[in-house]
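**Student:** Residues 170 to 311 in my numbering are what the sequence shown spells out, letter by letter. By construction, the Cβ of each residue, glycine as well, lies at the ideal position given by its N, Cα and C atoms.
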Amino acid sequence: MDGYYKNPEATREASVHGWHHTGDIGYIDGDGYLYIVDRAKDMIITGGFNVYSIEVENALRAHEAVQDCAVIGMPDDKWGERIVAVVQPRAGHTVDATALAAFVKQQIGSIKTPKQIEVWDDLPRSKVGKVLKPDIRARLTR
Numbered sequence: 170m171d172g173y174y175k176n177p178e179a180t181r182e183a184s185v186h187g188w189h190h191t192g193d194i195g196y197i198d199g200d201g202y203l204y205i206v207d208r209a210k211d212m213i214i215t216g217g218f219n220v221y222s223i224e225v226e227n228a229l230r231a232h233e234a235v236q237d238c239a240v241i242g243m244p245d246d247k248w249g250e251r252i253v254a255v256v257q258p259r260a261g262h263t264v265d266a267t268a269l270a271a272f273v274k275q276q277i278g279s280i281k282t283p284k285q286i287e288v289w290d291d292l293p294r295s296k297v298g299k300v301l302k303p304d305i306r307a308r309l310t311r
């Protein structure tokens, strides 16, 4: 790979000693297959535990009332980062944050359960439909 298209600064930041660091987190299974599980910048460190945002998002999306969601880490004096979820309800459903937290806790455990759940009508998205987590973080810090 030569670099990022028309973005030499991003190429310089990602290229170190001849290696291109994508920021992806993954693993290779026993059969040699590569699995990408998350982005390094989306990993949340809470109470000394590494929590992959995608795992929490998958648990949230398994709830019948959730259409879509995004999970981010926000600064926290006690935990280092606290897990914050922003959920978009499925049409015709209402999201009860307490019930949703209990559902997630049952799915993946208390450490990975969001400490804060916000319900928004829509999630901010790029032109290609990708959820814009920096925009969510900015809105939550206002």
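#1: With DSSP run on the structure shown, which of helix, strand or coil describes Asn176?
#2: Three-state secondary structure (DSSP) at Ala110?
#3: Per DSSP, what are the beta-bridge partners of Pro258 in this structure?
#4: For Thr215 and Asp246, what's the separation of their Cα atoms in angstroms?
#5: Mind checking Lys299: buried by the 16 CB within 10 Å criterion, or exposed?
#6: For Val185, which option in Lys175, Asp198, Ile194, Asp171 has the closest C-alpha, if you only look at C-alpha atoms?
#7: With a CB to CB cut of under 8 Å and the five nearest residues on each side skipped, what residues in its chain are close to Asp237?
#8: Helix, strand or coil for Val225? Go by DSSP, reduced to three states.
#9: Would you kindly report the start and end of the unbroken beta strand (DSSP E) that includes Asp246?
#10: Given this structure, state the Cα-to-Cα distance separating Arg308 from Tyr196, to the nearest angstrom.
#11: Label Phe272 either buried or exposed according to how many other C-beta atoms from any shown protein chain fall within 10 Å of its C-beta, with 16 as the threshold for buried.
#12: Pull the bridge partners of Thr215 from the DSSP assignment, please.
#13: Out of Ile241, His232, Ala234, Pro303, which has the shortest C-alpha to C-alpha gap to Ile223?
#14: Hey, Lys281 and Ile252: beta-carbon distance below 8 Å or not?
**Tutor:** Reading off the structure:
#1: coil
#2: No statement about residue 110 is possible, as the shown extent of the chain runs from 170 to 311 and does not include it.
#3: Val235
#4: 11 Å
#5: exposed
#6: Asp171
#7: Arg230, Val256, Gln257, Leu292, Val300
#8: helix
#9: First-last for Asp246: undefined, no H or E at that position.
#10: 33 Å
#11: buried
#12: Phe218
#13: Ile241
#14: yes
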